[in-house]
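J.: Under our numbering, the letters of the sequence shown match residues 332 to 508, in that order.
If you scroll down you'll find the structure; I have some questions about it.
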Amino acid sequence: MRNFVGCEIENIKIKVLPGEGLTAMSNTKVDPWNFESDYPSPDNSHSISYIDLEEMAIGAPLNGQCFLEFPNGKSIKLGGWCGGPPVWEPNGSRVALPLWKRKIFVGTVQQLAIIDVDALEMKIYNKTFNVLDVQSFTENTIKGCNTPLNKCEPVLLDLNKEKVSKIVDLKCGFRRP
């Protein structure tokens, strides 16, 4: 096989590690630097969608405006500085989403947000991360990686034991289609 400059490439092996997926459209690794703009819930009753996805800086992870979409065409804006990719709980009632935040004397960090689509509330947890790559969300356990491009620091969070810094009522945030 030849690449575009004429050099030969042989014996290419691609290894996808557990928890790392491939996007449906591009067959590339899904991570905070490369993710799609729409993520339907497992039961297809809701969707998380992004608009204006862009790099925070050259080579930095993506961020954008994020919305919780409903089947009736209405949506709720979850934030203007959201990371990704989001990960749905298997039953589709909650979704985990990294949010970007600037902190004085620290710089730009991420916090974990859990959106409950039945209660229409978003819990933002106190713990901060450099770059959070959420890889699974089952019951009240989040598994992932902090700073995945450098040296991955495993993340294992029990949501029952983590401190919540803020609860946002999403009921008044509906937007028309």
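Glycine included, each C-beta is placed from N, C-alpha and C at the ideal position.
Which of the three DSSP states, helix, strand or coil, is assigned to CYS483?
T.: It is coil, neither helix nor strand.
J.: Can you say whether ILE407 is buried or exposed, counting buried as having 16 or more other CB atoms within 10 angstroms of its CB?
T.: Its Cβ being crowded by 16 or more others within 10 Å, ILE407 is buried.
J.: Is it true that the stretch 465-477 meets the stretch 370-384, where meeting means three or more beta-carbon pairs spaced less than 8 Å apart?
T.: No contact exists between the stretch 465-477 and the stretch 370-384.
J.: Whose C-beta lies closer than 7 Å to the C-beta of GLU386 among residues of the same chain, with five residues either side of it excluded?
T.: If we look at GLU386 and ignore the five residues flanking it on each side, its Cβ neighbours are LEU393.
J.: Since LEU463 contacts GLY414 with CB under 8 Å, what's their CB separation in whole angstroms?
T.: So it is a contact: roughly 7 Å between Cβ atoms.
J.: Helix, strand or coil: how does DSSP classify LYS502 here?
T.: The answer is helix: DSSP assigns LYS502 an H, G or I state.
J.: Relative to the C-alpha of ASN491, which candidate in LYS454, SER467, CYS476, ASN481 has its C-alpha closest?
T.: Selected option, being the one with the closest Cα: LYS454.
J.: Kindly list the residues whose CB is nearer than 6 Å to the CB of VAL499, restricted to its own chain and excluding five residues on each side of it in sequence; keep chain order.
T.: MET453, listed in sequence order.
J.: Based on the DSSP secondary-structure assignment, which residues constitute the bridge partners of VAL426?
T.: According to DSSP, which records beta bridges pairwise, VAL426 is partnered with TRP419, ILE446.
J.: Residues in its own chain within less than 8 Å of TRP431 by CB, not counting five upstream and five downstream?
T.: Once the five neighbours on either side are set aside, the close Cβ partners of TRP431 are MET387, ASN394, TRP412, CYS413, GLY414, THR439, VAL440, GLN441.
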